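Asker: In the working numbering, the protein residues as written are 2 to 733. A virtual CB, placed ideally from N, CA and C, is assigned to each residue, including glycine. Values in this document were obtained by computation on a predicted structure and should not be read as measured data. Have a look at this one before I ask anything.
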């Protein structure tokens, strides 16, 4: 066949957990280039992959054993910068190249060519006289849409509020011109010339600094730190506008959780006259395919998404923004374990563009990089407009003991009552879903545990069910103890947001309540509706988990009460105190963001804890200095390196034996220390037993090489999975 059809040998990377590429032959007529999307045969089926390299005809594999490429896609090639990024992430996380590529190709039917549709745009030549209905269509188009923006007939009818007959008549008269469009309706391009918000002097200086960095056309990381309500978003919107002066430029904005950005999207649309392209896991396959196609064709100018948006095929990336860069949700702790913030810096470096890390509570890693001059550091210390910082205080629960069955102290109850009387809104924060974290039997002490995990079942009163928040197992709340069979003996222990809401409803029976947690809000639409209800002052009390910390602006919200400020301050996680400070600082920032003064009350058994002292005094610098000193003394990130090795499998003996074998061959030296193996804190998860190693090393150690060599020389056991996590954020 090769004599009849001249061909070339190519290397193809497939989105499978393979460590390398596979060789194939491509006939010359296909005109194969590096980055092309192709379909190849593999084990009796067709697979879609990417041409990773072109190789010389001579190779270890005889040419007669190679199979031919089946077809080439009409898609533009995968950008070279994304190919380099895939390799970098794979090498850093010790993941197979194909597993990382899979994240870049996780789009159903991505190779299917979108069907052409007939849309219509307003003609540039319109008659001087027209009927009132036709004039209504023209006025709606001129006032609300960019020039030449095409829409289907149905969209014209809805947009102008006229009959379909009017639109059909305008088409026949040549007032609406037909245009073929690939796929769904086109994305509206952002308009950078729309009137911007008035910036303060502080904001203007920060924006000017970033724009100068952008104009240099080189890679640079900028930390944009600013207190809550200081207007960081308006500053980086100026950077977005600067990037979009290049008509082919693309901008990527990463947010911790895409479902939490309804207000952000409204602000973006107000500034640029259009919504950005959105990317997140809750999109339908058709929505994902549309966004992916628009991105690879360069039609998507601004993309806002969760961490996975880093793997979109951006052709001309000119700016990356990581909003709330401190958020732990940027770390993926399953599959390919990467940190979205850190990989955003890498993606910007490989694209030779600027990256902005924005936060009111920057991570210690980012702060140290800024202090050392590795990052530019901009600070906004004033709230935008008339708003002032809220006053913070604590309630010592050792002195103000809680009544049985109550989780709101008398001082906090009094503050809530006063706020309710004034007609202002209050927020009660507890980062714990459900009704109660534990259900046990008063007779025998039996605790309701998950059969698949070493975790307690969480009671959800609303559904009458017990649920495992790790594997999703759930069951009806039994009417008797499954151990001693005593009836009506099960009791809920501790509070969740549902239980706090129940208490608020008892204290204030006439009040309007909203519970903001992932159990109550299952879609972006539901969240948007709840946020708008709060904005319209249709809610008096908000009871929420960490969802409420994500940058919302509620003008009438003037009181924040933290039910358990001690939650999360201790444990094996070296970032526990830092994370608690960040969460509490963020939730405190929801109070008093307009002309009404705000206050924050922390309920605590540890009023002298450094976290609370830093919050109440406003001296975050002293707290972070202590945190940094503690990390440095223990040689933990960002001063040293840390990794975890988790072994898991359904056979406990196999997992334990392989753990012991790995322990015998573990790397040893003054610059590296291996701790373990020990049962993981969550020693049984989703039907698998788990053992853990922690690896600490000096900053100079090539940790990836050490771990690759260590795990590579050990024969793995069937049914036992080894998962490497570089710089872990989860310690369960």
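What did DSSP end up calling residue 575 once you bin it into helix, strand or coil?
Answerer: On the chain shown, position 574 is the one that residue 575 refers to. Residue state, collapsed to three classes: coil.
Asker: Cβ of residue 718 within 7 Å of Cβ of residue 655?
Answerer: On the chain shown, residue 718 is found 717 positions in, with the first residue counted as 1. On the chain shown, residue 655 is found 654 positions in, with the first residue counted as 1. Yes; because the gap between Cβ atoms is below 7 Å, this pair is in contact.
Asker: Rounding to the nearest angstrom, what Cα-Cα distance links residue 90 and residue 729 in this structure?
Answerer: Taking the chain shown and counting its residues from 1, the one referred to as residue 90 is at position 89. Taking the chain shown and counting its residues from 1, the one referred to as residue 729 is at position 728. So the two alpha carbons sit approximately 15 Å from each other.
Asker: Can you grab the Cα-Cα spacing for the pair residue 235 / residue 466, in whole Å?
Answerer: Here residue 235 refers to the residue found at position 234 of the chain shown. Here residue 466 refers to the residue found at position 465 of the chain shown. Approximately 44 Å between the Cα atoms of the pair.
Asker: So what does DSSP say about residue 317, is it helix, strand or coil?
Answerer: For the purposes of this step, residue 317 is taken as residue 316 along the chain shown, with counting starting at 1. Residue 317 falls in the coil class under three-state DSSP.
Asker: Exposed or buried, which one is residue 697 when buried takes at least 16 other CB atoms within 10 Å?
Answerer: Position 696 of the chain shown, counted from the start, is the residue given in the question as residue 697. So residue 697 counts as buried.
Asker: Please give me, in chain order, every unbroken run of the alpha helix (DSSP H) with length at least 4 that falls completely inside the region 253 to 317.
Answerer: 263 to 273 and 286 to 297
Asker: Which residues bound the beta strand (DSSP E) around residue 517?
Answerer: Walking along the chain shown from the start, residue 517 turns up at place 516. Start and end: 514 to 517.
Asker: By alpha-carbon positions, which one of 149, 212 and 440 ends up nearest to residue 495?
Answerer: Start at 1 with the first residue of the chain shown, and residue 495 comes out as number 494. Residue 440 is the option with its Cα nearest to residue 495.
Asker: Please work out which residues of its chain come closer than 6 Å, Cβ to Cβ, to residue 282, disregarding the five sequence neighbours upstream and downstream, and give them in chain order.
Answerer: As a working mapping, residue 282 is identified with position 281 in the chain shown. Taken in chain order, the list of residues that qualify is empty.
Asker: For residue 407, which residues from the same chain have a beta carbon less than 8 Å from its beta carbon, with the 5 sequence-adjacent residues on both sides left out?
Answerer: Stepping through the chain shown from its first residue, residue 407 is reached at position 406. Closer than 8 Å at the Cβ level, and outside the excluded window around residue 407, lie 504.
Asker: My assumption, with CB atoms under 8 Å, is that residue 263 sits in contact with residue 278. Please give the rounded CB distance.
Answerer: As a working mapping, residue 263 is identified with position 262 in the chain shown. As a working mapping, residue 278 is identified with position 277 in the chain shown. Taking a contact as a CB-CB distance under 8 Å, the pair residue 263 and residue 278 does not count as one, their CB atoms being some 16 Å apart.
Asker: Is residue 527 helix, strand or coil by DSSP?
Answerer: The sequence position of residue 527 within the chain shown is 526, counting from 1. Reduced to three states, the DSSP call for residue 527 is helix.
Asker: In the DSSP assignment, the alpha helix (DSSP H) including residue 664 goes from what residue to what residue?
Answerer: Your numbering for residue 664 matches position 663 in the chain shown. Taken as a continuous stretch (DSSP letters only), the alpha helix (DSSP H) holding residue 664 covers 653 to 665.
Asker: Counting Cβ pairs closer than 8 Å, one from the region 655 to 670 and one from the region 619 to 635, do we hit at least three?
Answerer: no
Asker: Rank 167, 123, 19 and 172 by C-alpha distance to the C-alpha of residue 102 and give the top, closest one.
Answerer: Taking the chain shown and counting its residues from 1, one reaches residue 102 at position 101. Selected option, being the one with the closest Cα: 19.
Asker: Taking the alpha carbon of residue 273 as the point to measure from, which residue in 255, 289 and 302 has its own alpha carbon closest?
Answerer: If you number the chain shown from 1, residue 273 lands on position 272. Closest option to residue 273, Cα to Cα, is 302.
Asker: Leaving out five residues before and five after residue 380 in sequence, what residues of the same chain have Cβ atoms less than 6 Å from its Cβ?
Answerer: Reading the chain shown from its first residue, position 379 is the one you call residue 380. Around residue 380: 226.
Asker: Classify residue 8 as buried or exposed, calling it buried when 16 or more other Cβ atoms lie within 10 Å of its own Cβ.
Answerer: As a first step, residue 8 is located in the chain shown; it is residue number 7 there, counting from the start. It counts as buried.
Asker: Candidates 93, 542 and 24: which alpha carbon is nearest residue 62's?
Answerer: In the chain shown, the residue the question calls residue 62 occupies position 61. Checked all of 93, 542 and 24; the closest Cα to residue 62 is 24.
Asker: I'd like to check one pair, residue 68 with residue 42: are the Cβ atoms closer than 7 Å?
Answerer: As a position in the chain shown, residue 42 is number 41, starting the count at 1. As a position in the chain shown, residue 68 is number 67, starting the count at 1. Closer than 7 Å, so yes.
Asker: For the candidate residues 268, 267, 298 and 241, whose alpha-carbon lies nearest to that of residue 320?
Answerer: As a first step, residue 320 must be located in the chain shown, where it is residue number 319. If we check each option's Cα against that of residue 320, 241 comes out closest.
Asker: Helix, strand or coil for residue 381, going by three-state DSSP, please let me know.
Answerer: The residue given as residue 381 occupies position 380 in the chain shown. The answer is strand: DSSP assigns residue 381 an E or B state.
Asker: When DSSP builds the beta bridges, which residues end up paired with residue 442?
Answerer: If you number the chain shown from 1, residue 442 lands on position 441. Answer is 491.
Asker: Please state if the CB of residue 383 and the CB of residue 239 are separated by a distance shorter than 7 Å.
Answerer: On the chain shown, residue 239 is found 238 positions in, with the first residue counted as 1. On the chain shown, residue 383 is found 382 positions in, with the first residue counted as 1. Result no, Cβ atoms of residue 239 and residue 383 do not sit closer than 7 Å.
Asker: Roughly how many angstroms lie between the CA atoms of residue 206 and residue 216, to the nearest whole one?
Answerer: The residue labelled residue 206 in the question sits at position 205 within the chain shown. The residue labelled residue 216 in the question sits at position 215 within the chain shown. Computed Cα separation, rounded: 15 Å.
Asker: So, with DSSP's three-state summary, where would you put residue 182?
Answerer: Here residue 182 is taken as the residue at index 181 of the chain shown, counted from 1. Three-state result, residue 182: strand.
Asker: Report the three-state DSSP secondary structure of residue 486 (helix, strand or coil).
Answerer: If you number the chain shown from 1, residue 486 lands on position 485. Coil, per DSSP.
Asker: Going straight from the alpha carbon of residue 3 to that of residue 84, what length do you get?
Answerer: For the purposes of this step, residue 3 is identified with residue 2 of the chain shown, where counting begins at 1. For the purposes of this step, residue 84 is identified with residue 83 of the chain shown, where counting begins at 1. Model confidence at residue 3 stands at a pLDDT of 40, short of 50, so the residue's coordinates are unreliable; what they give is reported in the following sentence. Between residue 3 and residue 84, the C-alpha separation is close to 29 Å.
Asker: Given that a residue counts as buried once 16 or more other Cβ atoms are within 10 Å of its Cβ, and exposed if not, what is residue 710?
Answerer: By one-based count along the chain shown, residue 710 stands at place 709. Result: exposed.
Asker: Let me know the beta strand (DSSP E) ranges lying completely inside the region 123 to 190, each 3 residues or longer, listed in chain order.
Answerer: 177 to 183
Asker: Who are the Cβ neighbours of residue 679 in its own chain at under 8 Å, not counting the five residues just before and after it?
Answerer: Taking the first residue of the chain shown as 1, we reach residue 679 at position 678. Hits under 8 Å: 692 and 693.
Asker: Measuring CA to CA, which of 438, 497 and 490 is closest to residue 469?
Answerer: The sequence position of residue 469 within the chain shown is 468, counting from 1. Out of 438, 497 and 490, 438 has the C-alpha closest to the C-alpha of residue 469.
Asker: Quick check on the burial criterion: 16 or more other C-beta atoms within 10 angstroms. Buried or exposed for residue 482?
Answerer: As a position in the chain shown, residue 482 is number 481, starting the count at 1. Counting Cβ neighbours within 10 Å, residue 482 comes out buried, since at least 16 surround it.
Asker: Closer than 8 Å is the cut-off here; do at least three beta carbon pairs connect the region 171 to 182 with the region 123 to 138?
Answerer: yes
Asker: What does residue 1 pair with, by DSSP beta-bridge criteria?
Answerer: No answer is possible for residue 1: it lies beyond the span of the chain, which begins at 2 and ends at 733.
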